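**Student:** Residue numbering for the sequence shown follows this note's numbering, beginning at 10 and increasing consecutively. Idealized CB from N, CA, C, for every residue including glycine. Given the structure is predicted, the values throughout are model-derived calculations rather than measurements. Got a structure here, written out as C-alpha cells. Questions coming.
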Amino acid sequence: MLWCVNNPPRCCCHSEQGPQPIVGRLQILFCVRCSVFSQVFNDPIHGHMEIHPLLVKFIDTPQFQRLRNIKQLGAAYYVYPGASHNRFEHSIGVAHLAGQFLQALRDRQPDLDITDEDILCVQIAGLCHDLGHGPFSHLFDGRFIPEIRKHEDASKMMFDHMVEVNELKKEMEKYKLDKDLEFIKQLIDGRPDGENVSAEPPYRGEVKYFLYEIVANKTNGIDVDKWDYLARDCHHLGIPMTFDYRRLLMFTRVCEVDGLRHICIRDKEAANLYDMFYRRFSLHQRAYQHRVNNIIAYMITEALLEANEHIRIDGLTLSETIHDMSAYTKLTDSVFDQILSSSDDNLKGAKEILNKIVRRQIYRYLGKIPSKVVTRLCSCVVTLDYGMRGENPIDEVYFYSKRNPDEPYRISKEEVSKLLPSDFNETFLRVYWKGEPDDANLERAKEIFNQWCARNFPLIEVKMKLSLPNNSRLNNSEGKGDSSRAESSEAGKRKAKI
C-alpha cells in the first residue's frame, strides 16, 4: 500500500503536468525508492500485518532491533522448549492490534473524531511500550533491579533516546506528529481515571480519554498488549487459547461515564472477559510462575548479581546501564553466554551458577506453603491473580446493551455465573534446596520442612513428594489439589504440597 505524506518526495515519474513516461530500468528503481510504502509482516498469530511506513522507521533502529534478543518469557524457555519468542514480534503485534482496534471504533462511531494522527500515536506507543525491558524481560526488571524503576519508565527513556539518535522527529513531522512525543509517552505509561487528562495540545482531553485504554489500560487491564501476549504465549507454549479477542473487537464502543469517554463492552461478552482473565491466571500458574521457571530465574538473577561489578558496558556496570540508554541498548540476553564463555576469574562464581542451569543441576523443589513466614532456605513468593491483585477487574468494566448502546452500566459477577471465584488471588511460598541434587541431606531437608510446616500450620494437610525428576524440562501439572479454594470455603482447610 502507498501512504501519502504532507510533503511527498518528488520522483522521476511525476511533474506538474502529471505522470510522465518512464524510460529505463534505473528510472523505475529510483521512482520506487522515492515512494513511501508500508511493509507487510507475516506473523504466526495475526497473519499478514500491514505496517505503516513511519512504524517501519522505528522498527529499523538499533534500539528496537535489540528486542530480537530479549526472550518474551525469560527463563520459561528452559522449561517450555517452544517459548523461544522475543519482545520484538510481540511489540509489532501490539502496534498492529492497536491500529485494528481504533479503526474498528472509527468505523463504528465516526462521531468520535478519531484522526489518522491519533491512530499513529497509539500504534507507536504499542510498538515502543516494551523498549525498556532488560535481559530475560521481567527477570531483570522485577528481580535484578526491582527497587529502581518500572520497565515502562525505561521504555520512555529509551523512546526519547531512539527518537534523538535516529532523528525520527523529522520523520514524524511528515505525519504531523512531531509535537506528540509527550502524548505518546503518556500512552505508554497509561493513565488511571481522570489523572492528568489535559485538553492542551499535544494531549487529547476527556473526549478522547479512551485512547489511554488501548495499549496500557490502567482502569481494568483490558488492552491490546494483553490480547497479543495471551495469544502469542499460548501459541508458543502449546497451551490452548479459548479467549477470542477478534470477537471482542466486534463488540466494543465508546460511551461517556462521569465526563470521561471510556471503552465499553457489549453485555453478552462478560463471560468472554472472565475467560480472558482466567487465561492470564492459568498462564501464570502453568508457565510464568512454574516452579522450575521460578528457580531458574532465581539462579540467573544470582549470576547477574555476582557478575554485576565485573562486566562493563561503555564503562558501566550491569545495574548502572539503566541510566545510560546508549549502554543499555547493548544489554540483552546475550549476557548469559558472555558470562559462560568468559575466562575472567572474577566471573567464576556467576559462571558456576549458569553452568548448573546448563547441566540441569538446578536447586531442588521442596514444596509450597501459605506465605506467612520467611525461612532460611531459598524461597520464591508466588502470587496468582487476575491482574488487579485481589480485586475483580470486571468490576471496573462498563458494558452496553443492544437496546441502549449509549447507556453504559456494570454487570456483577453473580449475573454472569455463580461458579466464578470468590477470591481473585492466591499467594504461597515455594521453598527450594540449593545443595547438590544427590546430596543425602536433601531427604533430611524435606523431613525438616515437613516438621516445620506441622508446627507452624497445624491445620494444613501436608503431602510429601518422595522423589523428584532430575531432568524435567516440560511442564508437569501440579494437580488439582494445589488450589484448595473450594475446600477452604467448606472446611477451613488449606493445603501445602511438598
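#1: Please confirm whether any heavy atom of the ligand HEM lies closer than 7 Å to the CB of Asp232.
#2: By alpha-carbon positions, which one of Pro211, Ala240 and Thr326 ends up nearest to Val103?
#3: Between the C-alpha atoms of Asp52 and Met58, what's the straight-line distance to the nearest angstrom?
#4: For a minimum of 4 consecutive residues, which ranges assigned as the alpha helix (DSSP H) are wholly contained in the region 58-124?
#5: In the structure shown, what three-state DSSP assignment does Tyr218 receive?
#6: Roughly how many whole angstroms lie between the Cα atoms of Glu98 and His105?
#7: Whose C-alpha, out of Asp267, Met334, Pro414 and Asn450, is nearest the C-alpha of His168?
#8: Would you kindly work out how many angstroms separate the C-alpha atoms of Arg295 and Val88, rounded to a whole number?
#9: Buried or exposed: where does Ile457 fall if 16 or more other Cβ atoms within 10 Å of its Cβ makes it buried?
#10: Considering just the uninterrupted stretch of the beta strand (DSSP E) at Asn226, what are its terminal residues?
#11: Between the region 339-347 and the region 314-322, do at least 3 Cβ pairs fall closer than 8 Å?
#12: Where do the ends of the beta strand (DSSP E) carrying Thr261 lie?
#13: From Phe39 to Phe149, what distance separates their C-alpha atoms?
#14: For Leu258 and Tyr297, what's the separation of their Cα atoms in angstroms?
#15: Skipping 5 residues on each side, what residues in its chain have a beta carbon closer than 8 Å to that of Asp284?
#16: Kindly give me the distance between the Cβ atoms of Val172 and Lys178, rounded to whole angstroms, as I take these residues to be in contact under 8 Å.
#17: Tell me where the beta strand (DSSP E) around Arg437 begins and ends.
#18: What is the DSSP secondary structure of Asn413, counted as helix, strand or coil?
#19: In terms of residues, what are the limits of the beta strand (DSSP E) holding Asn51?
#20: Would you list the one or two residues that DSSP bridges to Tyr418?
#21: Buried or exposed: where does Ala280 fall if 16 or more other Cβ atoms within 10 Å of its Cβ makes it buried?
#22: Would you check if the region 212-222 and the region 118-136 touch, i.e. whether three or more CB-CB distances between them fall below 8 Å?
#23: Tell me which same chain residues have a C-beta within less than 6 Å of the C-beta of Asn302, skipping the five on either side of it?
#24: Pull the bridge partners of His271 from the DSSP assignment, please.
#25: I need the straight-line Cα distance from Gly268 to Val224, nearest angstrom please.
#26: Whole-angstrom Cβ separation of Asp342 and Pro119, contact assumed at under 8 Å?
#27: Taking Val131 as the reference, which of Ala312, Ile248, Glu222 and Arg368 has the closest Cα?
#28: Which residues in the same chain have their Cβ closer than 8 Å to the Cβ of Ser426, if we skip the five residues on either side of it in sequence?
#29: Could you say which of Tyr254, Ile274, Gly199 and Arg256 lies nearest to Arg262 if we only look at CA atoms?
#30: Got a sec, what are the start and stop residues for the alpha helix (DSSP H) Lys365 sits in?
#31: Just reading off the alpha helix (DSSP H) that Met285 is part of, what are its end residues?
#32: So, with DSSP's three-state summary, where would you put Arg373?
#33: Run the CB neighbour count on Phe67, radius 10 Å, all protein chains shown included, and call it buried at 16 or more, exposed below.
#34: Under 8 Å Cβ to Cβ from Ala92, same chain only, skipping five residues before and after it: list those, please.
#35: For Pro417, which of Glu265, Leu111 and Glu400 has the nearest alpha-carbon?
#36: Following the continuous alpha helix (DSSP H) through Phe145, name the residue where it begins and the one where it ends.
**Tutor:** Result, derived from the coordinates:
#1: The ligand HEM is not part of the structure shown, which contains no ligands of any sort.
#2: Checking every option, the nearest Cα to that of Val103 belongs to Ala240.
#3: Cα-Cα distance, rounded: 7 Å.
#4: For the region 58-124, whole alpha helix (DSSP H) runs of length 4 or above, ordered along the chain, are 62-68, 71-74 and 96-117.
#5: Tyr218: helix per DSSP, three-state reduction.
#6: For Glu98 and His105, the distance between alpha carbons rounds to 11 Å.
#7: It should be pointed out that residue 168 corresponds to Phe in this sequence rather than to His. Considering only alpha carbons, the answer is Met334.
#8: The straight-line gap separating the alpha-carbon atoms of Arg295 and Val88 is approximately 11 Å.
#9: Flag for Ile457 reads exposed.
#10: Asn226 -> no beta strand (DSSP E), and no H or E assigned at all.
#11: Look at the beta carbons and you see the region 339-347 touching the region 314-322: at least three pairs across the two are nearer than 8 Å.
#12: Here the beta strand (DSSP E) through Thr261 covers Thr261 to Val266.
#13: Low local confidence applies: a pLDDT of 41 at Phe39 is under 50, so the model's placement there is unreliable, with the coordinate-based value given in what follows. Rounded to the nearest angstrom, the two C-alpha atoms are 46 Å apart.
#14: Going by the C-alpha atoms only, they are around 27 Å apart.
#15: Apart from sequence neighbours up to five positions away, the residues of its chain that approach Asp284 with a beta-carbon distance below 8 Å are Thr251 and Phe252, ordered along the chain.
#16: Confirmed, about 6 Å.
#17: Reading off the sequence shown, one finds Phe at residue 437, where the question assumed Arg. Unbroken beta strand (DSSP E) run through Phe437: Asn434 to Trp442.
#18: The answer is coil: DSSP assigns Asn413 none of H, G, I, E or B.
#19: Taken as a continuous stretch (DSSP letters only), the beta strand (DSSP E) holding Asn51 covers Gln48 to Asp52.
#20: Beta-bridge partners assigned by DSSP to Tyr418: Phe408.
#21: Looking at its Cβ environment, which holds fewer than 16 other Cβ atoms inside 10 Å, Ala280 is exposed.
#22: Yes, they touch.
#23: Ala84, Ala85 and Val88.
#24: Per DSSP, Cys264.
#25: Inter-residue distance for Gly268 and Val224 is about 21 Å (C-alpha atoms, whole angstroms).
#26: Not confirmed; about 45 Å, so no contact.
#27: Closest option to Val131, judged by alpha-carbon separation, among Ala312, Ile248, Glu222 and Arg368: Glu222.
#28: Only residues of its own chain outside the window of five on either side were considered, and among them Ala280 and Tyr283 have a CB closer than 8 Å to the CB of Ser426, listed in chain order.
#29: Closest by alpha carbon: Ile274.
#30: It spans Lys357 to Val367 - the alpha helix (DSSP H) in which Lys365 sits, taken as one unbroken run.
#31: Where Met285 is concerned, the enclosing alpha helix (DSSP H) stretches over Ala279 to Leu292.
#32: Here Arg373 carries a strand assignment [DSSP, helix/strand/coil].
#33: Burial of Phe67 is indicated by the presence of at least 16 other C-beta atoms within 10 angstroms of its C-beta.
#34: So the list reads Lys80, Gln81, Leu82, Ala85, Tyr86, Asp242, His245, Leu246 and Ala296, once near-sequence residues are dropped.
#35: Ranking Glu265, Leu111 and Glu400 by Cα distance to Pro417 puts Glu265 first.
#36: Going by DSSP, Phe145 is part of no alpha helix (DSSP H) at all; its letter is neither H nor E.
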